[in-house]
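Sequential numbering of the sequence shown, starting at 0, is according to numbering that gives the first Met the number 0. Idealized CB from N, CA, C, for every residue including glycine.
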Amino acid sequence: MYDIFLSYSSQDRERLMPLVDALEQQGWSVFWDHRAIPVGRDWHEMIGEAIQECRCVLVAWSVHSIKSPWVKEEALAGKERKILFPILLDKVALPFGFKVLQSANFSQWDQRTDHPEFLKLNKGIRRALSKQPAPPSDTPQPLAETPRPTPGRLWTAGITVTTTIIASILGLNYFMPNPTPVSPPLPTTPQPVQVAINVLPKRLAFEPDMVAVKGGTFTMGCENGRDEVEGGCFADEKPIREVTITDFKASSHEITVEQYLHCVKAKACDQPHWQDTKTFAFYAKLGETITGNNQPIVGVSWDNAQQYTRWLSGETGTSYRLLTEAEWEYAARAGTATAFPWGNAIVDGLANCRQDLCRDSFPNAAPVGSFAANPFGLHDMQGNVWEWVQDSTDDGSQHRLRGGSWANRPQALRSAMRHQHLTKHRHYLVGFRVAAD
0 MYDIFLSYSS QDRERLMPLV DALEQQGWSV FWDHRAIPVG RDWHEMIGEA
50 IQECRCVLVA WSVHSIKSPW VKEEALAGKE RKILFPILLD KVALPFGFKV
100 LQSANFSQWD QRTDHPEFLK LNKGIRRALS KQPAPPSDTP QPLAETPRPT
150 PGRLWTAGIT VTTTIIASIL GLNYFMPNPT PVSPPLPTTP QPVQVAINVL
200 PKRLAFEPDM VAVKGGTFTM GCENGRDEVE GGCFADEKPI REVTITDFKA
250 SSHEITVEQY LHCVKAKACD QPHWQDTKTF AFYAKLGETI TGNNQPIVGV
300 SWDNAQQYTR WLSGETGTSY RLLTEAEWEY AARAGTATAF PWGNAIVDGL
350 ANCRQDLCRD SFPNAAPVGS FAANPFGLHD MQGNVWEWVQ DSTDDGSQHR
400 LRGGSWANRP QALRSAMRHQ HLTKHRHYLV GFRVAAD
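Written as structure tokens, this is what we have:
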């Protein structure tokens with residue numbers, strides 16, 4: 000199931016590529032026929048399926064599309080489902096039946112995600128996706144509610160009661176470990192902090208390699224002069240705040256297909272949802288065998304990640320969980336004072352992102368460990384696949400994602416970048432890694 004179905008005239012394809020890039024930069028999957036329909040498939044059948052399963056329909060009205068009966072039919076399907084979002088590429092008179100819907104004016108769009116019209120469209124789509132009904136029947140039924148972090152995990156003793164009240168009023172949502180005495184703040188030099196990396200031994204074949212992360216204090220969020228690179232930061236990355244982290248352990252890389260399928264084989268985890276990967280043939284064969292599948296698991300919801308941590312905890316006797324959002328950013332920064340752990344600009348071959356923007360050699364997700372670890376000994380904190388973290392949004396309807404993916408631009412790989420999706424959402428760009436106290 001795609002987030003967005005794009006209805007358009009093929010004559011506008013080049014004009015719409017920047018918009019598709021901008022939408023996918025937000026973490027959404029976009030169905031548009033020229034790349035989403037595999038060779039040999041019935042295009043009319045696939046379009047019919049996609050427009051009925053998608054979560055919203057975006058129609059691009061132009062001098063070409065208003066004459067297309069196909070675009071009108073697709074837009075009508077979106078209108079009937081009450082999920083239609085129209086945009087204007089040209090100043091045109093809309094077809095009969097579509098004039099009552101407010102359209103976003105993209106005729107002067109400068110391809111920036113902070114443009115007022117894009118921000119309005121972004122807000123509308125996010126609101127629509129947050130109100131979507133439960134996914135189709137192939138999605139797992141709701142699990143028992145996972146206990147939320149206790150109030151003691153939300154703020155450390157180093158933050159005053161006054162600051163806590165102010166942050167609560169502002170609706171901030173940064174979860175942190177239980178307050179305990181910590182080491183002095185890490186240096187804020189732009190150079191990577193050299194630390195002793197302690198990779199803990201595995202006890203079972205499927206148990207992930209865990210790295211001991213020494214706690215400390217860091218500045219969380221988008222800081223002027225540090226994080227405003229590659230297109231700048233988003234509003235939900237501010238304001239910044241000092242955060243103290245206690246010692247914890249994190250898996251050295253994202254959980255792999257092999258590791259997750261052990262849980263599926265034990266009937267403790269749901270099958271991953273790879274329906275969205277029809278155009279990515281390398282995932283089609285991943286379920287045929289367990290051993291050796293070291294691609295990061297994708298197509299798993301936040302609920303599925305909770306299934307996995309519960310199963311892994313029961314099998315090993317170690318209490319596994321997802322990282323908190325604060326732990327994740329602390330681990331991604333790895334003691335550095337730059338937007339990426341290696342500096343403030345993309346460096347060739349250090350991460351996996353969209354096309355050749357990171358100059359990596361992978362057209363899709365890379366096998367875990369394909370890139371050098373950061374100073375804390377953790378791989379793929381930037382790029383490859385988005386990672387679920389423990390935290391939810393303020394209303395509890397969605398959970399946070401961190402790290403960017405192989406399909407995103409470098410802006411999404413910044414350590415401060417935040418995203419969110421519905422708890423039950425499963426996507427071919429989303430996986431997870433685990434933590435332990």
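Here residue 292 is buried. Its C-beta has 16 or more other C-beta atoms within 10 Å.
Residue 212 places its beta carbon 9 angstroms or farther from that of residue 386.
Minimum Cα-Cα distance from residue 27 among the listed residues 238, 426 and 434 corresponds to 426. The beta carbon of residue 19 sits closer than 6 angstroms to the beta carbons of 29 from its chain, once the five residues preceding and following it are set aside; these are given in chain order. Shown here for residue 62: same chain residues with a beta carbon closer than 7 angstroms to its own, the five before and five after excluded, namely 89 and 91 in chain order. Between residue 301 and residue 424, the C-beta spacing is below 9 angstroms. Residue 269 counts as buried, since at least 16 other C-beta atoms from the protein chains shown sit within 10 angstroms of its C-beta. When DSSP states are grouped into helix, strand and coil, residue 387 belongs to the strand group. Taking a C-beta distance under 9 angstroms as the contact criterion, residue 22 and residue 58 do not qualify as a contact pair. In this structure residue 104 touches residue 87 by the C-beta definition: roughly 5 angstroms separates them, less than 8 angstroms. Remark: fewer than three beta-carbon pairs, one from each stretch, lie closer than 8 angstroms, so the region 299-313 and the region 340-347 are not flagged as touching. Spanning the alpha carbons of residue 412 and residue 203 requires a straight line of approximately 32 angstroms. In summary, residue 433 is buried, with 16 or more beta-carbon neighbours lying within 10 Å of its beta-carbon over all protein chains present.
Around the beta carbon of residue 375, a 10 Å sphere encloses 16 or more other beta carbons of the protein chains shown; the residue is thus reported as buried.
Residue pairing for residue 248: DSSP places it in a beta bridge opposite 211 and 435. Considering only 247, 242, 244 and 222, the residue with the shortest C-alpha distance to residue 235 is 222.
Between residue 350 and residue 2, the alpha-carbon positions lie close to 26 angstroms from each other. For residue 301, the enclosing alpha helix (DSSP H) stretches over residues 301-315. According to DSSP, residue 4 shares a beta bridge with 30 and 56. Separation of the CB atoms of residue 407 and residue 24 is rounded to 6 angstroms, and the pair is thereby assigned contact status at 8 angstroms. Taking the C-beta atoms as reference points, residue 225 is found no nearer than 9 angstroms to residue 330.
A straight line joining the alpha-carbon of residue 313 with that of residue 206 spans about 12 angstroms.
Residues 30, 49, 50, 53 and 56 of the same chain have their beta carbon placed closer than 6 angstroms to that of residue 4, with the five preceding and five following residues left out of the count. Distance check between residue 320 and each of 99, 97 and 248 places 248 closest, using alpha-carbon atoms only. Residue 378: not part of any alpha helix (DSSP H); DSSP gives it neither H nor E.
When C-alpha distances from residue 414 are compared across 227, 96, 209 and 115, the shortest belongs to 227.
In this structure, the straight-line span from the alpha carbon of residue 357 to that of residue 393 is close to 33 angstroms. For residue 258, the enclosing alpha helix (DSSP H) has its first and last residue at 256-264.
For residue 16, DSSP records no beta bridge to any residue. Around residue 76, the same chain offers 50 as residues with beta carbons nearer than 6 angstroms, after the five sequence neighbours per side are excluded. For residue 25, the three-state secondary structure derived from DSSP is coil. Following the DSSP letters along the chain, one finds residue 68 inside the alpha helix (DSSP H) bounded by residues 68-79. Here the alpha carbons of residue 409 and residue 230 stand approximately 9 angstroms from one another. In the DSSP assignment, residue 86 falls within the beta strand (DSSP E) that extends over 83-87. The three-state secondary structure of residue 430, taken from DSSP, is strand.
Between residue 296 and residue 245 a beta carbon distance of about 28 angstroms is seen, past the 8 angstroms cut, so the two are scored as non-contacting.
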